[in-house]
Structure formats: C-alpha cells, structure tokens
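Mapping of the sequence shown onto the numbering used here: residues 671 to 1325, in sequence order.
From the three backbone atoms N, C-alpha and C, an ideal C-beta is built for every residue, glycine too.
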Amino acid sequence: MITAIKKQNILHNPKEKADSFGMFDGYDSCSEDTSSSSSSEESEEEVAPLPSNLPIIKNNGQVYTYPDGKSGMATCEMCGMVGVRDAFYSKTKRFCSVSCSRSYSSNSKKASILARLQVTGKPPTKKAKVLQKQPLVAKLAAYAQYQATLQNQAKTKAGNSAISVEGFSWGNYINSNSFIAAPVACFKHAPMGTCWGDISENVRIEVPNTDCSLPTKVFWIAGIIKLAGYNALLRYEGFENDSSLDFWCNICGSDIHPVGWCAASGKPLVPPRTVQHKYTNWKAFLVKRLTGAKTLPPDFSQKVSESMQYPFKPCMRVEVVDKRHLCRTRVAVVESVIGGRLRLVYEESEDRTDDFWCHMHSPLIHHIGWSRSIGHRFKRSDITKKQDGHFDTPPHLFAKVKEVDQSGEWFKEGMKLEAIDPLNLSTICVATIRKVLADGFLMIGIDGSEAADGSDWFCYHATSPSIFPVGFCEINMIELTPPRGYTKLPFKWFDYLRETGSIAAPVKLFNKDVPNHGFRVGMKLEAVDLMEPRLICVATVTRIIHRLLRIHFDGWEEEYDQWVDCESPDLYPVGWCQLTGYQLQPPASQSSRESQSASSKQKKKAKSQQYKGHKKMTTSQLKEELLDGEDYSFLHGASDQESNGSATVYIKQEP
C-alpha cells in the first residue's frame, strides 16, 4: 500500500524538534554562531570549519550539521564516542548512554578527561591537552571520510548507470529507445512481487542528495518520473521541469526511504546545491508540494528484506533432472543461493564443476525420494552415504503441483499432443505420451527424434503450461514443428493421426487457466537463457498467446527465442540482477556476435540448428552425437503451480 502524505503531518509543531520531513525551522550558514555540544576543552580542537556558503538546518536554535565536533554531532564526555547529538542521553546531550552518565557522576571531570585521552599522572597543560586531543580530531576526520565514502558509493548506485555490465545501463537503454518494462507485480516469485502495491509515477521518496559537497551523507526528496521494474527515474524536488540531474536508482535499495524517514531517524534534509537559491523557505515549499502526495509505506524496506529471505540453503540435497539424460533424475547438492536461484552440483562431481542452475520453484527439482514415489527413472549415486554436512531438503519447500484425478478419463500411452521441445525452446513440436507416471506426471517424447531406449523422453506434469492439445498451434497461428523426416507438408494433424493410427489427447485434460499476468508485447525484462541456464540476459516479450510468452534475447537472432510460461520463475523484473548481485548479460552487438565464433552462444547456435528443420541424420546418429557431445540444458521455465487467475478457455474446439 502506498502511504498518502497528510497535511497535518507536515505542518510544524512548535513542541516537536522537527517536522515529519526532517526539515527544521530554517536555513543558516555554518558561519553563524552556534552552540557546541561538547565540553569547553573540546572547543580548543583544531578542526577545519565547513564552507560558510553551505546551507544547514536548525532545530529550535540548535544547529544540526556534520561531524566537526561543534554542532549537530556530540562527543561523549566520558568515553569520547562521537554521535548524533539528538541520540545522546540527558537534556544536555553530554553522554552517549546512561552508563557513561553514571560513570561520569562517580568520577571527577578531570578523571573523565584523562580516561578519554588515555593519560595518567598530573593534569595536562593547555598545550598538552591540544596535542593529546589529536586522536579525537583524527577520529572525527576518519568519521567524516567514512561518511564521504558512503556518499560516493550512493552516487555510484543512484547514478545513471543503474546496471553496469560492460558499459550497459538499463536507464540509458530504456531512455534512448523509449522502452517500457514489465511491472514488478508480473513476477510473483520475485522480491516484492506479491506486495509491490501501487508504486507508480509521482510517488515521493527520500534519497541521498548527490548534488552536495558536504562530507557526510545528506538526503533530499525526489519524485518518480518513470518506473522500469525495480528501477525508477527520479527528479529532486525543486527542479520542476529541469531534467539535468535526473537519475536512475533501484527502489529496493538500502538508501531509498519513505517521506518522513529522515525526521524519524535524525537525518538532515538538504536541498541540492543547484537549486538551493530558488527558495528562501524550503519547508513551506515542501509542505505545498507534498501535501496529499503518495510515498512508500513505512515498512517498505522491511518487506524488501523479508521477500529476499530464501528457505533453500547450501548443503541441501535434492533430486534434479540429469542434464545428460532428460529421462532420469540425479541427486545434487545446493552449492549457493542467489536471489532464489540455486547452483546445484551433482553429488558425484569430485571437482564440483558438474553443476546445474535453476530457480528454487523450478519444476525440475524435487525432494529426495520423489522419483521412486512416482515411478520416474533415477540414476543411483555411487556415493553410498551422505557427505558430512549434507542433508535432505524438507519436501514442503518445493513447488506444489495441482492435484489431479487419474481414476476417470485420463492421459494414455500413445496419445498425441503438442509440446515445447526442451532441447529447442523456440519450437513447439508434435509429441507423444510415452509413459503415464503417478501424481499426474507424464513422460513425453518428440516424434521423429526419439532414441530407441527412451533416453531423451522428458517429464511434464499434466497441468504443465508447456503441453498443448492437438490443434493449439494452428488455432493460435504458431508454426508447429512436424516430426523429423515427415514429408507430407504442410503438416495436417488429421492425416498424421490416421497414418499413425493414433488418437489425440482429450482437450479437457489440459490446463486451460490463463491468469491476468499483466505482460504486454514489447515489455523489457531479465530472462534466463534456458539453453545455458547460468546466464540471465536483457530480453523482450515479442508475442503473447494467452499465458504463453515468446521471449527474445536483445541483440540475438530470433532462432534463439524461447517459449516460456507467464508464471515461469526464470523471468525477472528489470533491476533484479542489480538487486540480488547476479551478473546481467547485456544485449549482444553485431560485432560481438561475429567475434564469438568459439563462444558458448555459437555452440548453442550449432546445437539449435542441429534440432531445427529436417536435417538428414538418422535418429541413432543424432543421439550418439548428443550423448558424446556437450551437456544438455533443458526447459525449466514453466511453473506447474496452479494459477490463481481467471479460467479462460483458449482452445476453441476439439480436433
């Protein structure tokens, strides 16, 4: 829920030290006389003053500025700790805590000074006190340098390069091409996907002020000009139609706060240097601008943090598809977890390089014992017992599939259907049900390219959005890939069923739920390259068929496109990689494509071409090349979870 900013919350209350914006009673310069929060001895410290032309904010006469030891920042008279004055104990703000106050009361002032300066013996002379106080000055200087470093880091994060990989910037990419990005709410599995609310343009937030030369981090209010996934184009209040300092940042970043956070946290609001001369009363300006405006909910950062907690942990054991033989599963161990994505290492891999990437909600991973429970083929591990520290993942952590009733009319072996080819994700092919397993799972083979031993069969659940009834492609004007070697083109299902003596799987058995997913053609997103699932790339939705999305990888040819379900856990909002620390693959340029003849993309192209069209190769030759060549990568983009959207039937009629 977006929080509205109420007028009564931003009007100044004389009894309060600061209003809800963190703005104080007025602006002043550091050259004015200010009261010190330190003892009289501290006034002798040789600390360089701040430039006199920098604006600061006052609170009922007490200047709130920066770590110069004289105003705003206080120094504990007992232990010497430096901190924000308002956070100190007692009315005089002389001590950082109750214990320091009590300790000071039980000792003389002289003793406290000696304790702080680590001096023993007779009281120091005035000259000695100045020399001995240098460590405190150094502490203040170090604190200021630390804050300046944080500010520089904030500038880097909040600058125009929202995501920088080999010079790529989502902000520049979207601005220069007037692209739009898929909303965060389209991705239920992603952080904040289910609680994004109505964050939109014109929402106001408090962000670090990077147009400032102060040595510490200060904040100002900015409005959202444009949203692109997690990323927002922001403009500081006071700039009006001036876009010269607009910048992109990730809304879920640690430096983004709702309006009022600075007031609650004791942080100063300082207007940008470029526009500070425009108004003499900035508080009145903010009251006028922000009354009735929307901001983030107060617990927004907490929700972000909670949504990025993942139940899967390293050393958990799972069953996952064998990337060399689709028809079976193997035991693998979670090596690492990044944003809910798992790097799984097959248990028998001695050097831990034989791995497989997938999301924790992928339909390709299951609890230990799943294969045996449903009758799926399983490769037994040569390891007779668990390695130390490894443990089985609790079954309740895995994605749940919809329960089905197999007692009545159900899928049968030999029935024909259409299915996304997991070895060539750009195609939907003529397929056959080869085996019916328990709990609604089916083993499926692609007609015309099956191995005699069934080693290339693959498993889909009956409710999977990756299988379709006969005629789906024709009705929705999708090119159906006929069986390899089939010569009667154009392909006609009626003729093929008659020639093979087969029957089509009943339409009513397929999943016809179409959720209100929110995707539109042309939307940008970050998508897993399912043929090389460790990679996440800049991508575009180029076609939508009910719940089925055609994903194009920017900069690459259409033959690399992939059909993916709208609820796939392998699709992410713009900015997901930056938020989670995952590396984003930028769009490929023409020159880079030509120079990557030996790269993994070119290998993938050769593999894709191997499966595409009617290549003159026998099935046995094809399978021999596959088993002796590179590892497989498989489709794991279609979530088998039950949709909570509207039940729209997208099949017009039974064939």
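query	result
Just the C-alpha distance for Ile-1044 and Phe-1111, rounded to the nearest angstrom, thanks.	8 Å
Within 10 angstroms of the Cβ of Val-990, are there 16 or more other Cβ atoms? Answer buried if so, exposed if not.	buried
Smallest Cα separation from Pro-1139: which of His-859, Lys-1086, Ser-975 and Gln-1057?	Lys-1086
Whole-angstrom Cβ separation of Ile-875 and Pro-928, contact assumed at under 8 Å?	7 Å
Which of the three DSSP states, helix, strand or coil, is assigned to Phe-1110?	For the sequence presented, residue 1110 should be read as Gly rather than Phe. Looking at Gly-1110 - three-state DSSP - the assignment turns out to be helix.
Scan the segment 830–908 and note each continuous beta strand (DSSP E) run of 3 residues or more that stays entirely inside, going in chain order.	874–878, 889–898 and 901–906
Looking at the unbroken alpha helix (DSSP H) that takes in Gly-952, where does it start and where does it end?	The question names Gly, yet the displayed sequence has Trp at residue 952. Taken as a continuous stretch (DSSP letters only), the alpha helix (DSSP H) holding Trp-952 covers 952–960.
When you compare each of Asp-1199, His-1187 and Leu-1218 to Trp-1226 by their alpha carbons, which one comes out closest?	Asp-1199
Determine the closest residue to Ile-1350 out of Met-986, Phe-970, His-1046 and Ile-1035, with distance taken between C-alpha atoms.	Past the boundaries of the shown model lies residue 1350; the chain is included only from 671 to 1325, so the question cannot be answered.
Would you mind reading off the limits of the alpha helix (DSSP H) that contains Tyr-1165?	Just to set this straight, residue 1165 is Asp in the shown sequence, not Tyr. 1163–1170 is the extent of the alpha helix (DSSP H) around Asp-1165.
To the nearest whole angstrom, what separates the beta carbons of Asp-1231 and Ile-1221, a pair I think is in contact under 8 Å?	6 Å
Express the C-alpha separation of Asp-925 and Gln-823 in angstroms, rounding to a whole number.	A caution first: Gln-823 carries a pLDDT of 49, below 50, which makes its placement in the model too unreliable to give a value.
Per DSSP, which one or two residues make a beta bridge with Gly-1115?	Thr-1102
Where Met-1201 and Leu-1095 are concerned, what is the direct C-alpha to C-alpha distance, given to the nearest angstrom?	8 Å
For Cys-856 and Ala-898, I'd like the C-alpha separation in whole angstroms.	12 Å
Using 10 angstroms around the beta-carbon of Arg-1190, count the other beta-carbons present and answer buried if the total reaches 16, otherwise exposed.	exposed
Apart from the five residues on each side of it in sequence, which residues of its chain come closer than 7 Å, Cβ to Cβ, to Gly-1118?	Pro-1153, Arg-1154, Gly-1155 and Tyr-1156
Using the C-alpha atoms, what's the distance from Val-1184 back to Leu-1218?	9 Å
In whole angstroms, what separates the C-alpha of Glu-910 from that of Thr-944?	12 Å
Considering only the alpha carbon of each residue, which of Ala-1175, Pro-942 and Glu-1017 lies closest to Asp-881?	Pro-942
Which one or two residues does DSSP pair with Lys-623 in a beta bridge?	Any question about residue 623 goes unanswered here, given that the chain covers just 671 to 1325.
Look at the Cβ atom of Glu-1229, then the Cβ atom of Ala-1209, and state whether they are nearer than 8 Å.	no
In whole angstroms, what is the alpha-carbon distance linking Gly-841 and Ala-902?	9 Å
Please classify Ser-1336: does DSSP put it in a helix, a strand, or coil?	The chain is shown from 671 up to 1325; residue 1336 falls before or after that span and cannot be answered.
Going by DSSP in three states, Ala-934 sits in which element: helix, strand or coil?	helix
DSSP has Cys-1028 in a bridge; who is on the other side?	Leu-1012
Can you give me the C-alpha to C-alpha distance between Glu-1073 and Asp-1109, rounded to a whole angstrom?	7 Å
How should Arg-1042 be labelled, buried or exposed, when 16 other C-beta atoms within 10 angstroms of its C-beta is the threshold for buried?	exposed
May I ask which residues mark the beginning and end of the beta strand (DSSP E) holding Cys-1207?	1206–1215
Below 8 Å between beta carbons: does that hold for Val-1003 and Glu-1017?	yes
Which residues does DSSP list as the beta-bridge partners of Arg-998?	Arg-1047
Counting pairs of beta carbons, one from the segment 956–969 and one from the segment 979–996, are three or more of them closer than 8 Å?	no
Which residues in the same chain as Gly-1171 place their Cβ atom closer than 8 Å to its Cβ, once the five residues preceding and following it in sequence are excluded?	none
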